[in-house]
Structure formats: C-alpha cells, structure tokens
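Here the sequence shown is numbered in this note's numbering, starting from -6 and rising by one per residue.
We treat Cβ as the ideally placed atom computed from N, Cα and C, and that holds for glycine.
The block underneath contains the structure these notes are about, expressed in structure tokens.
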Amino acid sequence: MEQQVEITGRHGIALRSLTPADAAALAAIANDASIVAFLRDVFPHPYTLAHAQEFIQITLKDTHLQSWGIFENNILTGVISLTLQNDIYRHSAEIGFWLGTAFRQRGIMTEAIALTCQYAFSQLPVVRIFAHVFAHNQASQKALLKNGFIIEGIRKKGAVKNKVFIDDILMAKIKS
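Here is the structure:
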C-alpha cells in the first residue's frame, strides 16, 4: 500500500493522497462532461461513486502511479497524478491532471503542477516529467508553460477523441 503523502503549497492549496472517505466528493466533481472532453477515454462518463471508489483503490495499490487529490482549503477540487515509466524510460514520469469546473481560472492547477514537480524531482528517481495535451486544451498548456514545461513537439492527428482525430502536444520539464 502506498504511503500517505501530503504536500502543502501557497494560498490554501495542498495535495494529499486520496482515501475512501474522499470517494463521494471525487464522484461529485468528476461527473462533468467538460472534464472528460480533455482526458483519455479510460476516464468514465458518467462518473459514479463506484468509479471513484475503484480509482482510489488503484491509487493505493499501483506502485507506478503517484496520485493526489488537489485540495483548496480542505475542499477537493481535482486530481493530479504522476505515472512512473519503466525500463529505459524509468527516469521519466507522465503528469496528468484535471480540475472541477467550479475551481478553474484561480491558479489552483498551476500551483498543483508546481508542487507535483517539486515533489517528483526531490523525492522520486525522476529527471523528466512529460505531458500529452490536446492541441485545443489551452488552459492545460498555459499551466504547464507557467511551470517551466516546454513544447517538444506536436503529434499531428496523434489522438482520437469522440471519433475525431486531434493533434497532441508533447510537453516536458527536465530536472535542473
């Protein structure tokens, strides 16, 4: 079982490991079509309490997944995760995140990304953090750029979402 981690930032923002007690709040904010529009198809919609409970159990068991709830003043606002890569990519981690609609455009995600990167570079064997961002997801691109990520490339028609081919932007940050 994963060790419970809490990372505290500024402005009441904190990251902490999700627990079964967070399932109802997670289901309530994740059941939003505007979230699933920017995530991989594995993210279910509608998002039910059972999905939340299953996700929390996965985060407690999967040693390659570091995942935290994003809290603002002790209120769950979203989720951020690092998926540790293996084999020749074992120095890398993929960052993924989402934020509930009511909590957007307040700097929460920018702070959560900063905290996640600080943790990864100081506590994990990671020297590279990367993200795949849909080309039309300007908010995620901006939050990553504010945290020192650079655009490494654009994969033309690199993803299919809702039966439509879309460009996928590869962004990364390297440990200094």
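Limits of the beta strand (DSSP E) - the one that residue i falls within
| i | result |
| --- | --- |
| F64 | 58 to 65 |
| A95 | Note, A95: premise wrong, no beta strand (DSSP E); not H, not E. |
| R76 | A small correction: the amino acid at residue 76 is Thr; Arg does not occupy that position in the sequence shown. Counting along the chain, the beta strand (DSSP E) containing T76 begins and ends at 68 to 77. |
| A124 | 121 to 127 |
| I0 | -1 to 1 |
Residue from the options whose Cα sits closest to the Cα of residue i
| i | options | result |
| --- | --- | --- |
| A20 | Q46, A86, P118, I6 | Q46 |
| F142 | S60, S115, F158, C110 | C110 |
| D80 | W91, E104, V119, I73 | V119 |
| Q(-3) | Y40, L42, T56 | T56 |
| H84 | F114, R148, I68 | F114 |
| H129 | R148, Y112, N140, K139 | R148 |
| M102 | K135, A23, R33 | K135 |
| K139 | I68, K150, G100 | G100 |
| T1 | A23, R97, E104 | E104 |
| L42 | R33, I22, W61, K54 | I22 |
| D161 | S169, G151, L137, I68 | G151 |
Own chain residues within Cβ distance below 6 Å of residue i, not counting five before or after
| i | result |
| --- | --- |
| D25 | T94 |
| F64 | A7 |
Coarse secondary structure for residue i, derived from DSSP in three states
| i | result |
| --- | --- |
| T12 | coil |
| T41 | coil |
| S115 | helix |
| F142 | coil |
| F90 | strand |
Beta-bridge pairing of residue i - partner residues as DSSP gives them
| i | result |
| --- | --- |
| I147 | I162 |
| A152 | I159 |
| S85 | R121 |
| I167 | R121 |
| I51 | The partner list for I51 (beta bridge, DSSP) is empty, contrary to what the question assumes. |
8 Å CB neighbourhood of residue i in its chain, flanking five on each side removed
| i | result |
| --- | --- |
| L117 | Q59, L75, L77, A86 |
| I49 | L11, T12, P13, D15, A16, L19 |
| V153 | I159 |
7 Å CB neighbourhood of residue i in its chain, flanking five on each side removed
| i | result |
| --- | --- |
| F36 | V29 |
| A165 | R121, I122, F123, F142, I143, E145 |
| N155 | none |
Host alpha helix (DSSP H) of residue i (start-end)
| i | result |
| --- | --- |
| I28 | 26 to 29 |
| K135 | 131 to 139 |
Residue i at chain C interface by Cβ criterion, 8 Å
| i | result |
| --- | --- |
| A124 | In the structure shown, chain C cannot be found, because there is only a single protein chain. |
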